[in-house]
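Going letter by letter, the sequence shown gives residues 1 to 77 in the UniProt record's numbering.
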Amino acid sequence: MEDASMTTENVSESETAEPTKAASAKAADDQLLDELVGRAQAEGLHLTGEGGLLQQLTKRLLESALEGEITDHPSRL
């Protein structure tokens, strides 16, 4: 019977780096969102509603996605 605490596995560096990269990216995303919300509130910008932060971010995201579609598929024009 083999003791589970004594077994070892060969794990590549990329396998161990992936969770670290994902955690770092999430932390950076969270920090960016906190900064955006904080700046919006400091400037008196509402988070939701007409002209609010959510509406502005959604608009920019959609415009960026559409621009990507247009540049990625010029044959569709």
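Every residue gets a Cβ at the ideal spot worked out from N, C-alpha and C, and that includes glycine. Quick caveat: nothing in here was measured; it's all calculated off a predicted structure.
Under the three-state reduction of DSSP, THR48 is assigned to coil, being neither helix nor strand. When secondary structure is reduced to three states using DSSP, GLU43 falls in the coil class, being assigned neither helix nor strand. The beta carbon of GLY49 is closer than 8 angstroms to those of GLN55 in its chain, skipping five residues each way along the sequence.
Between LEU57 and LEU36, the CB-CB gap stays under 9 angstroms. Contact between LEU66 and LEU53 is ruled out by a C-beta separation of about 20 angstroms, above the 8 angstroms threshold.
Here the C-alpha atom of ALA40 lies approximately 7 angstroms from the C-alpha atom of LEU47.
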